[in-house]
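**Q** This is the structure, below, for whatever I ask next.
Chains as they are written, first to last, in the numbering used here: chain B, 33 to 350; chain V, -17 to 264.
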């Protein structure tokens, strides 16, 4: 099992803030909108350095999405920022009509996704956002795994013409991806080559998959671990190439099983290469208050859950 | 500068187009469309600075219009076509399979003149504000116009947008509310009385103008001209425009009944008799 050394733990939202700051300097068309969560989204530096390109909309997310759509018409590249819950479910019709159907170049940037938002509880812990966004025709959906990758993704989506949903989170997690790694939208990242099982993970579950891989290696199981940072478009060939070799799959994500990464991969495999699959995800349930670690344990999103899923799926191999 | 008589000719032809388009597919929204003919004809033939010969999505250097109440697409399409954005004969494809003239306007089919999809109500003012903010960033002193139904004001997003535009001094926008007093289920007073819209928009910080005769082309032209003079003074501008739903076709006037119903053959003939061909039918 390959080693993934890191020097510090950082939050992915800070990677977003750092990416925005770079864009502020490098791309004069980038504009930023926020619905009263500038600090939480780490947008402060951009707001301070480029006040003329920063739009505080107040607690009015629907209006924020509409204004963003309008700004694209004058050639701007708007990045909207609020919590994932208010970035998706609250404004679904605005995104659907004014952004996705209208083909507008809006970057919907969403923090505090999933259970790791923690103590605020289920009202704020959206676990359906990836599904909501990936169902929209023409929407690109990205869920990076650490600070460096979130920063790189933020910068990369400014150069991509089309609506994007970028999801990140609140807790600090190991920052292990190389700072200079280019972010390629739609291209999965091979983390560890293996032969016994393919583990496809996204977002915060990527590090947990690495930890699971180490435990599996100690048991003599050689896991292939792939970071699927782009949920849509899915890197079909990376998935199929891996599965042809390993012949069984575990997916891992901080999201509902319905509509998430596992669901996308299962759909692909059912069509192209029927394969045993186990999914580590939240199973049709809302979250609750608690610390991020407690919640990940209670809802079955820890390395041990990935290990158990691997054992189960290997046993199902023909 | 077009003369009132010239604009009237266009108005009459647009009315014919509207009833013929909805009749041909037995669907669409003639009532609200007919009520806003004078407004759209004034905008596109008199008020706005725009270039229909080479449509550019960014509209830099041009005045822009956003139709928020997208269901009145027949009047929008007819006026765009007669302005030269696309061939008038394409009006015959309205609401038919593979058309660019979808039931509600969209950018998805790349129809020249349309810059946003609309139909799900309440979103157009926010979009217009965004376009107006982009104009300010681009040092482009053109104006952004938007049109809304009065029933549409029941959507909450309108008031988010209204609050924002005044608070942030978006003074290069002129929004108009079509006050025909009707919506699908009945009059606005029956469905959800909204009280004084003037008082509401003034309280939100808008510069409010009344247009009592929204179906009188000269009044519309002069009010839009006046509204333009009110831009650039730190406040968004609102025109409260009184119109008659179904205007110009006697049996469609004074009722919400023709909101989303097409005329039959006999009714079409009657409507066309009341509006004789001026510029040639599509």
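Glycine residues also receive a C-beta, built at the ideal position from the N, C-alpha and C atoms.
1. With DSSP as the reference, label residue 96(B) as helix, strand or coil.
2. Are any of the Cβ atoms in chain B nearer than 8 Å to that of residue 90(V)?
3. Give a yes or no on contact between the segment 261 to 275 of chain B and the segment 240 to 248 of chain B, applying the rule of three or more CB pairs nearer than 8 Å.
4. Residues of the segment 94 to 120 of chain B with a CB closer than 7 Å to any CB of chain V: list them in chain order, please.
5. Between residue 89(B) and residue 67(B), how many whole angstroms is the CB-CB distance? I'm expecting something under 8 Å.
6. Do we get a CB-CB distance below 8 Å when we pair residue 192(B) with the residues of chain V?
7. Report, in whole angstroms, the separation of the C-beta atoms of residue 11(V) and residue 241(V), which I expect to be a contact under 8 Å.
8. In chain B, what lies closer than 9 Å to residue 115(V) by C-beta?
9. With residue 181(B) as the anchor, note down where its alpha helix (DSSP H) starts and where it stops.
10. Note down the Cα distance separating residue 251(B) from residue 74(B), rounded to an integer number of angstroms.
11. Taking beta-carbon pairs under 7 Å, can you tell me which members of the segment 125 to 151 of chain V lie near chain B?
12. Assign residue 257(B) to one of two classes, buried (16 or more other C-beta atoms within 10 Å of its C-beta) or exposed (fewer than that).
13. Listed from N- to C-terminal order along the chain, which residues in the segment 200 to 220 of chain V have their beta-carbon within a distance smaller than 8 Å of any beta-carbon of chain B?
14. Can you find the residues in the same chain that come closer than 6 Å, C-beta to C-beta, to residue 128(V), ignoring five residues on each side of it along the sequence?
15. Between the Cα of residue 97(V) and the Cα atoms of 178(B), 101(B), 187(B), which residue gives the shortest distance?
16. Exposed or buried, residue 35(V), counting other C-beta atoms within 10 Å across all chains shown (16 or more means buried)?
17. Could you compute how far the alpha carbon of residue 228(B) sits from the alpha carbon of residue 345(B)?
18. Would you say residue 76(B) lies against chain V (beta-carbon separation less than 8 Å)?
19. Would you say residue 120(V) lies against chain B (beta-carbon separation less than 8 Å)?
20. Using CA atoms only, rank isn't needed, just tell me which of 27(V), 225(V), 14(V) is closest to residue -12(V).
21. Using a C-beta cutoff of 8 Å, does residue 105(V) count as contacting chain B?
22. Give a yes or no on whether the C-beta atoms belonging to residue 226(B) and residue 255(B) are separated by under 8 Å.
23. Using the Cβ count rule (16 or more neighbours within 10 Å means buried), how would you classify residue 147(B)?
24. Quick one: which unbroken alpha helix (DSSP H) runs of 4-plus residues sit fully inside the segment 222 to 279 of chain B? Chain order, please.
25. Compare the beta carbon distance of residue 225(V) and residue 18(V) with 8 Å and say whether it is the shorter of the two.
26. Are the segment 100 to 114 of chain B and the segment 70 to 84 of chain V touching by the rule of at least three beta carbon pairs closer than 8 Å?
27. How about residue 143(V) and residue 129(B): are their beta carbons less than 8 Å apart?
28. According to DSSP, is residue 311(B) part of a helix, a strand, or is it coil?
29. Taking 8 Å as the CB-CB cut-off, is residue 180(V) touching chain B?
30. Have a look at the DSSP bridge pairing and note the partners of residue 110(B).
31. Strictly by DSSP, which residues pair up with residue 143(B)?
32. Answer with buried or exposed for residue 171(B), where buried requires no fewer than 16 other C-beta atoms within 10 angstroms of its C-beta.
33. Taking residue 150(B) as the reference, which of 261(B), 94(B), 323(B) has the closest Cα?
34. So, for residue 42(B): in the same chain, excluding its five sequence neighbours on each side, which residues have a beta-carbon less than 8 Å away from its beta-carbon?
35. Do residue 143(B) and residue 202(B) have their C-beta atoms within less than 8 Å of each other?
36. Since residue 97(V) meets chain B, which of its residues come closer than 7 Å, beta carbon to beta carbon?
**A** Reading it off the structure:
1. helix
2. yes
3. no
4. 94, 95, 98, 99, 100, 101, 102, 103, 105, 106, 107, 108
5. 5 Å
6. no
7. 6 Å
8. 63, 87, 99, 102, 103, 106, 108
9. 179 to 190
10. 41 Å
11. 139, 142, 143, 146
12. buried
13. none
14. 48, 50, 106, 107, 110, 157
15. 101(B)
16. exposed
17. 10 Å
18. no
19. yes
20. 27(V)
21. yes
22. yes
23. buried
24. 237 to 250, 268 to 278
25. yes
26. no
27. no
28. strand
29. no
30. 63(B)
31. 115(B)
32. buried
33. 323(B)
34. 178, 179, 204, 205, 207
35. yes
36. 105
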